[in-house]
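Step one of this worksheet: look at the structure below.
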Amino acid sequence: MQSYNQEIKNISVKGVSLFLKREDLLDPEISGNKYRKLKYNLIKAKSEGFTVLLTFGGAFSNHIAAVAAAGKKYGFETIGVIRGEELADKISDNPTLLSAKQNGMKFVFVSREVFREKDAPEFIGKLRLEYGDFYLLPEGGTNDLAVKGCEEILTADDAEFTHVCCAVGTGGTLSGIINSSGENQKVIGFPSLKGSFLSDDIRSFVKTKNNWELITEYHFGGYGKISEELILFLNGFYQETGVSLDPVYTGKMMFGIYDLIEKGYFPEGSKILAVHTGGLQGCKGMNLLLKKKQLPLLNYI
Ligand SMILES: *Cc1c(COP(=O)(O)O)cnc(C)c1O
């Protein structure tokens, strides 16, 4: 399916307009930016004769879900190295792992200590000895080819926007957007995790541009953490616009955009394009967690 720019009309501040680039519609399972990040990696893997993809992720990872679905769709076996040994006998309780398994992914469950070694050549070597040759995708899927794929998110028609906003995990997606943005556009990243390492990572992928910034006030306590206020915002956003947002990435970005609009961050006449990077598969798992914590649930899944 095609992505398109949908106007979000319930903005209370005059003189600012907001559009949402519906990248979540690209594929029902390989959603949003994960589709963009995989595209050139899978082309390379195919052309080099690889039949197996191996990657890493946590229990609710959108990247794990996307790699499993892409493997099934494009004819690769997939192996997911998953953080947390205790998950091995809890697959059926975890919507992300269950759907990845149904898409044919094999799992290797490892402890948090072992998982931390995931970039070490010795660990990769061991995996090759055990599972044979594979095309390696890093955790979160970010590498040069992933950034190249994300350079295709913005199109020539998007030059009319003054600001482009995107949620940030590893920064690969934002880097691609920066690379294809116009010098006169401002690109704003909303990290969903704490930490200051991101700017350096992004600088390594972004060659010449300086028209971007990270706004670090909207991570809600860190990766995967969400508050009652955020849930109520997302339920309200759905009610008013009909658009579902995931609570880990795009939900935090949209909360931030609304807050910044209210605070007058965007000058009059601003035309904002926010990228819906998908990730809705994680909502089911999030609702299970919310239920345990006796918090309100996301009511649109
Ligand atoms: C993975 C993901 C991101 C973050 O992408 P990075 O390239 O790692 O910054 C943003 N939004 C959604 C929905 C994601 O699944």
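Per full-length UniProt numbering, the very first residue in the sequence shown carries number 1; after that it's consecutive. C-beta: ideal position from N, C-alpha, C; glycine also.
- Assigned with DSSP and collapsed to three states, Ala159 falls in helix.
- The C-alpha of Tyr249 is placed about 21 Å away from the C-alpha of Gln2.
- Unbroken alpha helix (DSSP H) runs of no fewer than 4 residues, entirely contained in the segment 111-155, are found at 112-116, 121-131, 144-150, following chain order.
- For Lys72, there is no enclosing beta strand (DSSP E); the enclosing alpha helix (DSSP H) covers residues 62-74.
- Here Phe237 carries a helix assignment [DSSP, helix/strand/coil].
- 8 Å or more divides the Cβ of Val52 from the Cβ of Glu29.
- DSSP, read as helix, strand or coil, puts Phe190 in strand.
- Taking a cut-off of 8 Å on C-beta distances, the segment 111-131 does not touch the segment 143-155, as fewer than three cross pairs fall below it.
- For Leu38, the shortest C-beta to heavy atom distance toward ligand 1 is 7 Å or greater.
- Taking all protein chains in view, the Cβ of Gly176 is crowded by 16 or more other Cβ atoms within 10 Å, so the residue is classified as buried.
- DSSP, reduced to helix, strand and coil, places Ile91 within a helical segment of the structure shown.
- Closest by C-alpha distance to Phe233, out of Ile257, Leu214, Pro267, is Ile257.
- Annotated three-state conformation of Gly182 is coil, per DSSP.
- For Ala274, there is no enclosing alpha helix (DSSP H); the residue is found in the beta strand (DSSP E) stretching over 271-276.
- According to DSSP, residue pairing for Cys166 in a beta bridge involves Gly189.
- Distance from the CA atom of Gly242 to the CA atom of Gly251, rounded to whole angstroms, is 14 Å.
- Short note on Thr96: C-beta not closer than 7 Å to any heavy atom of ligand 1.
- Per the C-alpha coordinates, the member of Ser181, Gly195, Glu183, Trp212 positioned closest to Gly189 is Trp212.
- Here the alpha carbon of Glu240 sits roughly 41 Å from the alpha carbon of Phe109.
- The alpha-carbon separation between Lys73 and Lys14 amounts to approximately 45 Å.
- Within 10 angstroms of the beta-carbon of Thr170 lie 16 or more other beta-carbons, which makes it buried.
- Ranking Ala66, Ser244, Ile301 by CA distance to the CA of Gln6 puts Ser244 first.
- Exposure of Gln294 is indicated by the presence of fewer than 16 other C-beta atoms within 10 angstroms of its C-beta.
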